[in-house]
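4 protein chains.
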Amino acid sequence: MRFAVRSSLDYEVKSPTVFILNVEAAALHRQRIIVESLNLNPNFPIERFADDEGGSRFIRVNAEPGPFHVDYHGIVEMDMIEKAPETIPEMPVGELPLDIMHYLYPSRFCQSDLLGRFARREFGELEPGHTRVTAICNWIHDHVDYVSGSSDSQTSAYDTMVLRAGVCRDFAHLGITFCRALNIPARFASGYAWQLDPPDFHAVFEAYLGGEWYLFDPTRQSALQGLVRIGVGRDASDAAFSTMYGEAEFKGMSVSIDAIDESAADKEPTTQAVAVG
Amino acid sequence: MRFAVRSSLDYEVKSPTVFILNVEAAALHRQRIIVESLNLNPNFPIERFADDEGGSRFIRVNAEPGPFHVDYHGIVEMDMIEKAPETIPEMPVGELPLDIMHYLYPSRFCQSDLLGRFARREFGELEPGHTRVTAICNWIHDHVDYVSGSSDSQTSAYDTMVLRAGVCRDFAHLGITFCRALNIPARFASGYAWQLDPPDFHAVFEAYLGGEWYLFDPTRQSALQGLVRIGVGRDASDAAFSTMYGEAEFKGMSVSIDAIDESAADKEPTTQAVAVG
Amino acid sequence: MRFAVRSSLDYEVKSPTVFILNVEAAALHRQRIIVESLNLNPNFPIERFADDEGGSRFIRVNAEPGPFHVDYHGIVEMDMIEKAPETIPEMPVGELPLDIMHYLYPSRFCQSDLLGRFARREFGELEPGHTRVTAICNWIHDHVDYVSGSSDSQTSAYDTMVLRAGVCRDFAHLGITFCRALNIPARFASGYAWQLDPPDFHAVFEAYLGGEWYLFDPTRQSALQGLVRIGVGRDASDAAFSTMYGEAEFKGMSVSIDAIDESAADKEPTTQAVAVG
Amino acid sequence: MRFAVRSSLDYEVKSPTVFILNVEAAALHRQRIIVESLNLNPNFPIERFADDEGGSRFIRVNAEPGPFHVDYHGIVEMDMIEKAPETIPEMPVGELPLDIMHYLYPSRFCQSDLLGRFARREFGELEPGHTRVTAICNWIHDHVDYVSGSSDSQTSAYDTMVLRAGVCRDFAHLGITFCRALNIPARFASGYAWQLDPPDFHAVFEAYLGGEWYLFDPTRQSALQGLVRIGVGRDASDAAFSTMYGEAEFKGMSVSIDAIDESAADKEPTTQAVAVG
């Protein structure tokens, strides 16, 4: 299943500014980039770096004052595996791959150490496995209002637990937090989200179950089989689409994703578990 | 129904210290003090003051260095009214007595402005009235663990909402917070609690319904008809049994309450609503 | 010294809504109302209540759907006392009037229990008295940025201590918090502020020193001798100019204050301490 | 300069428990392990994993119920470089090695996004470089009380900024937070600390300056040239000496470090900057 993704970002740079940008589709096992193109205007030199493990691709740009435009488009082939959710187990901590142990730890926006008692009370008695993480997502969907503008870049899962309102990023943070509190490795994923309306960058999360990372979207706004991931990390602090060091004004952006084969276009949101790595 | 209450507090005063003590039974409409005695050793002079509205009685003592012992005992007649809970309505904000409007406002430990969305989602659709406040207490009892030592004097309802553990004071704060968020006036009450085991100062809360203050104990540890109130206020910051300005060490205390007529001693915890004023 | 004050508030009421309004000049010892007029349009019936101690005057209005306009104007004579700051002492806790002891306690936006160590470290060694509270104001002025829009109605002194930005209300909360942490009674005051530019409701604080309440404005934006107080209380939760229970939209307001005798108009901001009660 | 380090940990395991232990000296460029020995009793099988970048070495143990004892000792040769502090510059964000960019991001205990305004106000005007980070350490030392028991494993830099008390871990978190807020990469380091009295695991931090990681100890309790690092990471959540998944009781531990060549034993705490990587 192939998708065409595109994003355009516009800035007005006021003083020499370093941009860390993370807008390109991640290079992942089940997410293959067919063609892509990144254009900067002005054409400042870029340096590339990647998070080996998650496949997130960053560029660093030293931008000079003036208008600065970033345009990315690519065609990405997704090869996600769909599985029956009830067949997917959790893994004992003692058997987790050692290189993902840190996805059990609390992070800036996911204070799993503080929400542990709640998570164990609410979800501790449920049957372990993919269905338990779905129960977590259902809880979030049912107990937190999706309200644009109700949170900001400093809002954490701790806050959302009390305030009960947020956007996709907050929903993902809360899901990650509950998973980690139950000893399920979980991480944040930003991406291009097929069928998201209106189009925008989206945030979901992944939980490590039965030897694979599985996607979850507690907002229920996107079709998981059409989630082209950009950044993967501990939480939003690892996956900002743009971080600026200097003075620059964000002027606007546009984001799009389209299915580019016919079969996909007809496809219903899956009811299966979606494994991505 | 009469109760004998007693409390003894021991301090070692290190430097001249002002004590604000609030251990005497409050003088309230339905709580009449038959006899009482307050003894300080050494017998420092005291100044008395009271919160007119709630009837809380405070003393201020300028204590000199050395051992300092406070002993209070009294016999209190309680004249609480028991009513069928389902007959007790909430009152529209526009009809509340004007002198209790401030019990709708957030306070140090009861951030009702922050927990409003949760309260409305969880309790907003319930039938208004005494039964709704009971539903709030049931929620607290079912969702928060009573764990000695899990909180401290700085723990607020905001924290308890996330951490999901606390003691009587935290349970009361959470109940107050939810009530205020639903526009039900609510206040904190400390007291001597009959049948509390082990004996200790206790904390409950009152909600203003149908023209009366009604008692609620989300911990379910005390018998409401045997709750001899000491301090009443916005939250625990208004009703500390002891506040010290100076250097003094708290060495220990004992607290007791006994029913002193036979009928009382047999009495079961009531299933009725208990109005106290 | 006389001032003409005026405020106009506009609302669009969507469903029957209870308003608690606090826009009239407070009736205080040294603040005498010469003439005044409150007009509501439509002319809904009002109920009045007051906080005896502080003199704040509230009205409760049951408003029906439709446009709702509130207009208040009055002439107020101020009789504040100016004193040499260095002559004004702090009072020992043991000698404070008993009816203001609660202004030592922490409140919703003034967590003096949490900021105590800082306050004692930073201000504990200073000479007690009016000059120490001025030092507190200077610290706030020098260490917190006045930035419109940087805080909201839920921001507390705890937050401002970390975030280091706020508006008049946050500055006042921080000043109150430091005072209480040093055992100086302190309270919040809202008012019409002469020479404030642009005109708006303003927030300052009062500290109890040498037997009087003294005004302080850590923002340095107003002339203290021209501060016509409206609401006085523990913090902003006691002194909101408008609280709504129901659905109503705030459409805008205007606020003004003018000196109405010639001598006043010439007057410089005082460098003296200003006692108000 | 060589050091003998040793740690012993005692647990009583109640149910099968997974331990993640991080007590071995890290394998780092300027910290060479001469000999070492890790003994578990009972001798459960272990799995090893390391954080490539920082050199932290973890073991995972599946422990069965009963007493569980961990003993580690090693001899480590330290080859730190001492440099004149005033010669060490900060690096522009645009020139930082790309693989350490994440040490600019906020983390669980280091909310550099929230403390940015304070950091820039307080330290923003200082000359960039090693001396500025020393100024940060001096500020922490002067403004935060070192008080055992004043914080716990959930205390973050945000809290410490208000509460102004903590232990080594809190001091390190605050230092890291200020550095990141100033765009200086910074990370947490746990270790065996020569001359720390009483002996214990210690926490310090590293800042990336002029192409090297430099050690800083805002507590001033250890000699930097004798800091044998164990764990390095974003904050304490990456460098716990022990994390348990299961039921086990911590019974006690002992930690020691001794200089094992004569010259070292005489050495004064350095006044130079200490580079470790």
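Chains as they are written, first to last, in my numbering: chain A, 158 to 434; chain B, 158 to 434; chain C, 158 to 434; chain D, 158 to 434. The beta carbon of each residue, even a glycine, is placed where N, CA and C say it ideally should be.
Other residues of its chain near residue i: CB distance less than 6 Å, five sequence neighbours each side excluded
| i | result |
| --- | --- |
| residue 437 of chain C | Residue coverage of chain C in this structure runs from 158 to 434, which leaves residue 437 of chain C outside it and unanswerable. |
| residue 204 of chain C | 217 |
| residue 206 of chain D | 215 |
| residue 331 of chain C | 297, 314, 317 |
| residue 167 of chain B | 226, 408, 409 |
CB contact below 8 Å: residue i versus chain A
| i | result |
| --- | --- |
| residue 302 of chain B | yes |
| residue 263 of chain D | yes |
| residue 361 of chain D | no |
| residue 389 of chain D | no |
| residue 255 of chain D | yes |
| residue 258 of chain D | yes |
| residue 175 of chain D | yes |
Any C-beta of chain C under 8 Å from that of residue i
| i | result |
| --- | --- |
| residue 159 of chain D | no |
| residue 205 of chain D | no |
| residue 251 of chain B | yes |
| residue 338 of chain D | no |
| residue 386 of chain D | no |
| residue 321 of chain D | yes |
Length of the line joining the Cα atoms of residue i and residue j
| i | j | result |
| --- | --- | --- |
| residue 394 of chain B | residue 236 of chain C | 34 Å |
| residue 259 of chain B | residue 324 of chain C | 24 Å |
| residue 268 of chain D | residue 314 of chain D | 7 Å |
| residue 291 of chain D | residue 414 of chain D | 25 Å |
| residue 183 of chain A | residue 227 of chain A | 17 Å |
| residue 347 of chain B | residue 164 of chain B | 13 Å |
| residue 170 of chain B | residue 221 of chain B | 7 Å |
| residue 245 of chain B | residue 283 of chain B | 14 Å |
| residue 389 of chain D | residue 181 of chain D | 12 Å |
| residue 194 of chain D | residue 412 of chain D | 15 Å |
| residue 342 of chain A | residue 410 of chain D | 29 Å |
| residue 200 of chain C | residue 278 of chain A | 53 Å |
| residue 275 of chain D | residue 289 of chain D | 15 Å |
| residue 253 of chain C | residue 368 of chain C | 8 Å |
| residue 356 of chain C | residue 357 of chain A | 40 Å |
| residue 306 of chain C | residue 359 of chain C | 15 Å |
Selected residue, minimal CA-CA separation from residue i, among the options
| i | options | result |
| --- | --- | --- |
| residue 322 of chain C | D:342, D:164, D:326, D:273 | D:273 |
| residue 215 of chain B | B:367, B:175, B:318, B:289 | B:175 |
| residue 345 of chain C | C:351, C:210, C:364 | C:364 |
| residue 400 of chain C | C:173, C:162, C:178 | C:178 |
| residue 270 of chain D | A:405, A:430, A:309, A:285 | A:309 |
| residue 151 of chain D | D:320, D:160, D:428, D:379 | Only positions 158 to 434 of chain D appear in this structure, which leaves residue 151 of chain D out of reach. |
| residue 350 of chain D | D:329, D:196, D:383, D:320 | D:383 |
Closer than 8 Å to chain B by CB, residue i
| i | result |
| --- | --- |
| residue 331 of chain A | no |
| residue 248 of chain C | no |
| residue 394 of chain C | yes |
| residue 219 of chain C | yes |
| residue 268 of chain C | yes |
Closer than 8 Å to chain D by CB, residue i
| i | result |
| --- | --- |
| residue 200 of chain A | no |
| residue 343 of chain C | no |
| residue 179 of chain A | no |
Own chain partners of residue i with C-beta closer than 7 Å, once the 5 adjacent residues on each side are dropped
| i | result |
| --- | --- |
| residue 340 of chain D | 250, 261 |
| residue 312 of chain B | 323, 327 |
| residue 362 of chain B | 329, 332, 333, 343, 344, 345, 346, 373 |
| residue 377 of chain C | 298 |
What are the residues of the stretch 292-319 of chain C that lie near chain B, defined by any Cβ-Cβ distance shorter than 9 Å? 310, 311, 313
So if I threshold CB-CB distances at 7 Å, which residues from the stretch 396-423 of chain B count as touching chain C? 402
Mind listing which residues of the stretch 270-289 of chain A have their C-beta closer than 8 Å to chain B's C-betas, in chain order? 271, 272, 274, 275, 278
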